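The structure appears below as structure tokens.
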Amino acid sequence: MRLYVFILIIVVSSNLFSQENLVYEKNFSAYQGYFTEKFGIICTIPKAFEDLNQYYVMWKVRNEPSKHTGSMYGPIFLSTGKECIIAYPALLSYFSVESKDNIKRMKLPFYPRSQILNEIRTSLGLFNSPFNLLNKDAVRINFDDYVTIIAGKHARDMFNADSVYLYDLPHADSVYFFDESLEKMRKGKYPYCSGMFIYKRNRATMNVKFFYTEEGKKKQDEYIRLMSKHIWYDERFKHE
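If you read the sequence shown in full-length UniProt numbering, its first letter stands for residue 1, the second for the next number, and so on.
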């Protein structure tokens, strides 16, 4: 059984991502090569965006010690008008068919739906971390109230994917970048955050984040459309 899982640990030792231990070097060319070779996903920089040269950046849904939901991002791009920041995932998760069957048998929450729900629940103050006694599990939220799913031809035309999950994070001004320069740029100026999970059966899932200024939020649909074909699943690729 092959299982590729990215398990996020917010507290990282200072040398874990030292240059000699990096999965790929901190530049977009190395990132492209790694994602193409290991996952068959072709990534390019969106038009009218510049690369901020930020890689392996930890990010949390809420800047509170008890809240652990988050992920790792990079590369990170800034629009030329400085109204939108786009963050690509630093690492990916891939579950083989056999692994998925085992997960279903154990009745464990499945990625990406579980990750999206955890992000939304954390943003609402209902979730801290798995199995935490302070979680407000009795409070139910309707997935469909928060998430828009694009499927079929539209998803294939955009990313050669099966489906795309889009959602806004409530209380998005509470998100937090662990990189000081990024957080200084974001805080107060980009109060909106939305997520996009790009899913294709038997392939790794892409988890992208958007951060908007007040003006950028008005152009949210435009920025999402702009992403079309800048992430693309190579149909010929097969996981080992």
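We put the CB at the ideal spot given by N, CA and C, even for glycine.
Model, not experiment: these values are computed from the prediction.
- Classified as buried, Ala-161 has 16 or more neighbouring CB atoms from the shown chains inside 10 Å of its CB.
- Annotation: the continuous alpha helix (DSSP H) that includes Ile-116 extends over 113-123.
- Under the 10 Å beta carbon count, Thr-122 is surrounded by 16 or more other beta carbons and is classified as buried.
- Pairwise C-beta distances place the region 229-239 in contact with the region 40-57, as three or more of them are shorter than 8 Å.
- For the pair of segments examined, the region 184-199 was found to touch the region 163-173: the number of CB pairs separated by less than 8 Å reaches three.
- Asn-27 sits exposed, since fewer than 16 C-beta atoms from the chains shown fall within 10 Å of its C-beta.
- Judged by their CB atoms, Leu-52 and Leu-22 are not nearer to each other than the 8 Å cut-off.
- Taking every protein chain shown into account, the CB of Thr-205 has 16 or more other CB atoms within 10 angstroms, so this residue is buried.
- Within the DSSP secondary-structure output, Ala-151 pairs in a beta bridge with Ser-163.
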